[in-house]
Amino acid sequence: MAVFMPNAQRMLQNQRIGFAGCRALILDPALANRRLLHDILSDLRCERVVSVAMIDDAWGELQKGGVNVFFLDWSGDMDAPGVLRMLRSPGSPERYVPVVVVASYGGIDEVLRARDAGATEFMLRPFSKQVVASRLQAIVRMPRPFVECESFFGPDRRRHHLRWPGSERRHHRQIADRRATPDPTYSGPERRLERAHEPPLPTAGKAPMSTLEGTAWRVG
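Residue numbers (the working numbering): 839 to 1058.
Shown next, in the form of structure tokens:
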């Protein structure tokens, strides 16, 4: 088994512009879906966004080269697993391109099926601009090494956490995580009897927030 990092997945370059240099390809037979995702990617300041409805057209765009991320519709209207297998096969023009599978339904079995076919990320409809940005950020900030063995070629499937494609419902993840602050000490009144005479601790500073700024795509 071989494990390696392709050049197409390296981070870098402009520290001021979020996704400048990102060249995206969308394959989706539904016009409304293509337009929505195209508009979001354009709003995120991607350098170039091409959307197509047919597999042959997508393959033609891939053969031109320069695609940074491929958004692939995962529906019954198209053989998406077959597209992924073809994309990851030897001789493919963009074998290492990150693939974001876009689905209208997505239980854990469907996520695993896409992962085993060679997907990089999974995104569930309906999605927002923030969700699309989070998938791009994951590709840039946490690039996954590619694994090649007898029965599989694609992004490493052994990532410890599997991204849930739905909305966040865990209460402790919807509020600021105190463990992420520089000083995670309790800042409220002292309720322990043996320490009740001590003055209250100072309030911990706020943790820095992650933004799109500072994330960039390699150009060329």
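All residues carry an ideal CB built from backbone N, CA and C; glycine is no exception.
query	result
CA-to-CA distance, GLN901 to VAL907, given in whole angstroms	14 angstroms
Through-space distance from TRP897 to HIS876, alpha-carbon basis	18 angstroms
Supposed contact pair GLY903 and GLU931 - C-beta distance, whole angstroms, cut 8 angstroms	The displayed chain sequence assigns Pro, not Glu, to residue 931. At roughly 7 angstroms, the Cβ-Cβ gap stays under 8 angstroms, so PRO931 and GLY903 are in contact.
Buried versus exposed, by CB contacts within 10 Å (16 or more), LEU974	buried
ALA891: first and last residue of the uninterrupted alpha helix (DSSP H) it sits in	No alpha helix (DSSP H) contains ALA891, which DSSP labels as neither H nor E.
Same chain, Cβ closer than 6 angstroms to CYS884, five either side skipped, listed in chain order	PHE857, CYS860 and ALA862
DSSP three-state assignment for PRO993, whether helix, strand or coil	strand
First through last residue of the beta strand (DSSP E) which encompasses GLU959	959-962
The beta strand (DSSP E) enclosing ALA941, as first and last residue numbers	937-941
Exposure of THR889, with buried meaning 16 or more beta-carbon neighbours within 10 Å	Contrary to the premise, residue 889 reads as Ser rather than Thr in this sequence. That one is buried.
Continuous beta strand (DSSP E) stretch holding GLU885: start and end	First-last for GLU885: undefined, no H or E at that position.
At least three beta-carbon pairs within less than 8 angstroms, the segment 966-980 to the segment 943-956	no
Whole-angstrom distance between GLY992 and GLU986, CA atom to CA atom	7 angstroms
C-beta atoms of ALA868 and PRO919 nearer than 7 angstroms	no
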